[in-house]
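Working notes for the structure below.
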Amino acid sequence: MAKRPSAMDRFLEWTLNLDRRWIYLLVAVSVITPIVVPIGLPVTTTSSTRSAFEFVETLKPGDVAWLSFDYGPSSAPENDPMAEAFLRQCFLKKVRVVVIALYPLGGLGLANNVLAKITAEFPNLVYGEDYVNLGYKDGAAAVMRRLGDNIADAFPTDVNGRPIGEFPILRGIHDIKQVKVVFTAATGLIGEYWITQVHAQFGTPVIIGPTAVSAPKYYAFLNAGQLVGMLGGMKGAAEYEKLLRAKYPELDRFYGGTRLFTATKGMDGQTVLHTVILLLILLGNIAYLRSRARRRVTDVGGGRGPAGTRP
Amino acid sequence: MTETFPGIGIWISALLTLFAFSFLYKDNPFFRFAESLFAGVSLGYYVGIVLNQTLKPNLIEPLTTNFAGNWDLLMAGGIGLLLYMRYVPKIGWVSRYALAIYVAYYIGVEFTRRIHGEVLPQLSRTVVPLFPWTGATLESLVFVIGVYSVLVYFFFSKEQNRVTRKIARVGIWFLMISFGAAFGFTVMGRIALLIGRLNFLILDWLYPALGI
Chain R
1 MAKRPSAMDR FLEWTLNLDR RWIYLLVAVS VITPIVVPIG LPVTTTSSTR SAFEFVETLK
61 PGDVAWLSFD YGPSSAPEND PMAEAFLRQC FLKKVRVVVI ALYPLGGLGL ANNVLAKITA
121 EFPNLVYGED YVNLGYKDGA AAVMRRLGDN IADAFPTDVN GRPIGEFPIL RGIHDIKQVK
181 VVFTAATGLI GEYWITQVHA QFGTPVIIGP TAVSAPKYYA FLNAGQLVGM LGGMKGAAEY
241 EKLLRAKYPE LDRFYGGTRL FTATKGMDGQ TVLHTVILLL ILLGNIAYLR SRARRRVTDV
301 GGGRGPAGTR P
Chain A
1001 MTETFPGIGI WISALLTLFA FSFLYKDNPF FRFAESLFAG VSLGYYVGIV LNQTLKPNLI
1061 EPLTTNFAGN WDLLMAGGIG LLLYMRYVPK IGWVSRYALA IYVAYYIGVE FTRRIHGEVL
1121 PQLSRTVVPL FPWTGATLES LVFVIGVYSV LVYFFFSKEQ NRVTRKIARV GIWFLMISFG
1181 AAFGFTVMGR IALLIGRLNF LILDWLYPAL GI
């Protein structure tokens, strides 16, 4: 007579036939809970983010940094916090920032939104002196090539159509070689162009903030010394926020609010959900292996033939 | 403190997000409406961007304001138009010339970029002297073993023998580890997008709508 399966076996068998919608619900609960009740899990920093942060710290007041919005709304939860943190650091250090957008689907809209949000936090900033928005330009690789020759060739006017010669921030800055650092918040290929074209040809230091999906490929550039630093996805942005808050405690008024989305808060959900996913993978594998073992025993016990063969 | 009631834009975004999420339960007309709307709006937006941000400032305006100084743009515009000739079967072959120019241009740009900006710098940092031996040398050695074993795995011009099969096996391990890292990052990226959407639903829509 076949042995009756234990309660554990029945539970494991049940998990194998579980409707996947229960897993979706579990995922939703795992993400929603830390949003409603923030946990504040610690974020550890990595060397790639630290080197990016420390490089910006070495810039002097009056230096010009370049921020390129090379992403669209589809990756804004990852890239927005990076761009915001970089802008806050630059403005606190009185580093001047030139903003552009090279991503066609929404790059300029995001640049406008982020710039409006951060400049509102620093009411003393003057447009054209402390920062300028040069807008969107099509043809990323060709634009970068022109930036190496003459910025005015690539961007004759700012986003509002005013000639860039009017802006004090760009006086003495003729081409991208004179910019102290390029920060590209990027999805897709455009971030890579800044490294393989602008850094390779003109030597301008580049920091990249890629989406997590593209982050692995940029480690090769980082290890080859082609990048000053890298903020990999939401985790990288959270690390940057941590370094920024540690260095500039006055930023707590922006990062400490409960109703504001930050990468650090997003990492609560990441951690909880990653733990849930790991447990589900473990449970799924145990259930599968246990079920296979039970089938073998049943097959042999039932006289159906050697283990592993099915009638 | 209660925030202001969310505006119409927030409501539309929130409802469309919920329509999209509803597919997770099962396919339904709300999801299909959101899907079709998204595809249509994306295409329309992209067409608008190309017209207003590419063709207008780079072709139309230069030609209308200073034709004598920009007449050469007609050639670029003409080559672009040739691409559409494939929709006229009798002269469809003309589009191949435009395509050939386009491909040749990108090969020229990409070839230099890849060699100068990617292959050479990474090669020079991968293959470094073994002595003096430091921690970084060990790291480089792992890189070199990884690069060569993966190259052997992808070398299909000659049948593998006993030795190359073993090297290729090491290459598979390196590939699997890199795929695992890439998959882990991909999961993190997708979760980040989910977090972003749910944050929007709760903090920007639900809380203000409920007066919390």
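Residue numbers (the working numbering), protein chains in the order written: chain R, 1 to 311; chain A, 1001 to 1212.
Every residue, glycine too, gets a C-beta built ideally from N, C-alpha and C.
At which residues does the beta strand (DSSP E) containing residue i begin and terminate?
| i | result |
| --- | --- |
| R/Ser68 | Val64 to Asp70 |
Starting from residue i, follow the alpha helix (DSSP H) in both directions and report where the run begins and ends.
| i | result |
| --- | --- |
| A/Ile1008 | Ile1008 to Phe1021 |
| R/Asn223 | Ala215 to Asn223 |
| A/Arg1169 | Arg1162 to Asn1199 |
| A/Asn1066 | Run containing A/Asn1066: none; DSSP gives neither H nor E here. |
| A/Glu1226 | Any answer about residue 1226 of chain A is impossible in this case: the structure gives chain A only from 1001 up to 1212. |
| R/Asn112 | Gly107 to Glu121 |
| R/Gln89 | Ala76 to Leu92 |
| R/Trp14 | Ala7 to Leu16 |
| A/Met956 | Because chain A here runs from 1001 to 1212, residue 956 of chain A falls outside it and cannot be looked at. |
| R/Pro34 | Arg20 to Val36 |
| A/Gly1108 | Val1094 to Arg1114 |
| R/Glu57 | Ser47 to Glu57 |
| A/Tyr1045 | Pro1029 to Ile1049 |
| R/Arg145 | Ala140 to Asp149 |
| A/Tyr1025 | Premise fails: A/Tyr1025 is in no alpha helix (DSSP H) and is neither H nor E. |
Using DSSP's beta-bridge definition, name the partner residues of residue i.
| i | result |
| --- | --- |
| R/Phe183 | R/Leu67 and R/Ile207 |
| R/Val159 | Looking at the DSSP assignment, R/Val159 forms no beta bridge with any residue, so it has no partner. |
| R/Arg296 | Per DSSP, none; premise fails for R/Arg296. |
| R/Asn133 | R/Val99 |
| R/Gly229 | R/Ile207 |
| R/Tyr127 | R/Tyr131 |
Note down the Cα distance separating residue i from residue j, rounded to an integer number of angstroms.
| i | j | result |
| --- | --- | --- |
| A/Ser1178 | R/Gly139 | 31 Å |
| A/Met1001 | A/Gly1135 | Low local confidence applies: a pLDDT of 43 at A/Met1001 is under 50, so the model's placement there is unreliable, with the coordinate-based value given in what follows. Going from the Cα of A/Met1001 to the Cα of A/Gly1135 covers about 56 Å. |
| R/Val27 | A/Leu1037 | 26 Å |
| R/Arg310 | R/Val300 | Model confidence at R/Arg310 stands at a pLDDT of 45, short of 50, so the residue's coordinates are unreliable; what they give is reported in the following sentence. Taking the straight line joining both Cα atoms gives about 10 Å. |
| R/Arg296 | R/Arg4 | 15 Å |
| R/Pro163 | R/Asp63 | 21 Å |
| R/Pro205 | A/His1116 | 16 Å |
| R/Val198 | R/Phe11 | 58 Å |
| R/Tyr255 | R/Arg245 | 8 Å |
| R/Phe86 | R/Lys235 | 15 Å |
| A/Ile1202 | R/Ile176 | 42 Å |
| A/Leu1130 | A/Thr1137 | 6 Å |
| A/Thr1054 | R/Phe155 | 13 Å |
| A/Tyr1153 | A/Leu1123 | 19 Å |
| R/Tyr127 | A/Ile1101 | 42 Å |
| R/Ser291 | A/Phe1033 | 42 Å |
| A/Val1187 | A/Ile1010 | 27 Å |
| R/Ala293 | A/Glu1118 | 50 Å |
| R/Ala307 | R/Leu289 | Here R/Ala307 scores only 46 on pLDDT, less than 50, and its place in the model is too uncertain to base an answer on. |
| A/Met1176 | R/Ile169 | 49 Å |
| R/Glu250 | A/Ile1049 | 39 Å |
| R/Gly303 | R/Phe221 | Residue placement at R/Gly303 cannot be trusted, given a pLDDT of 49 that sits under 50; the coordinates are not used to answer. |
| A/Val1127 | A/Val1142 | 10 Å |
Use the C-beta contact count for residue i: other C-beta atoms within 10 angstroms, 16 or more gives buried, fewer gives exposed.
| i | result |
| --- | --- |
| A/Asn1199 | buried |
| A/Arg1113 | buried |
| A/Gly1007 | exposed |
| R/Gln270 | buried |
| R/Ser48 | buried |
| R/Lys242 | buried |
| A/Leu1015 | exposed |
| R/Pro38 | exposed |
| R/Asp80 | buried |
| R/Trp14 | exposed |
| A/Tyr1084 | exposed |
| R/Val114 | buried |
| A/Ile1195 | buried |
| A/Ile1012 | exposed |
| R/Ala238 | buried |
| R/Glu84 | buried |
| A/Ser1149 | buried |
| A/Ile1107 | exposed |
| R/Glu78 | buried |
| A/Ile1212 | exposed |
| R/Met82 | buried |
| A/Tyr1046 | exposed |
Is the closest heavy atom of the ligand HEM to the C-beta of residue i under 8 Å?
| i | result |
| --- | --- |
| R/Ser214 | Judged by which ligands are present, the structure shown has none, so any question about the ligand HEM falls away. |
Review point. Would the segment 1184-1195 of chain A and the segment 1150-1168 of chain A be scored as touching if the rule is three or more Cβ pairs under 8 Å?
Key: no
Review point. Okay, do the segment 62-77 of chain R and the segment 181-188 of chain R touch, 3+ Cβ pairs below 8 Å being the bar?
Key: yes
Check your understanding: Is there contact between the segment 119-134 of chain R and the segment 92-107 of chain R, where contact requires at least three CB pairs shorter than 8 Å?
Key -> yes
Practice item. Check whether the segment 272-291 of chain R touches the segment 106-121 of chain R, taking contact to mean three or more Cβ pairs, one atom from each stretch, closer than 8 Å. Key: no
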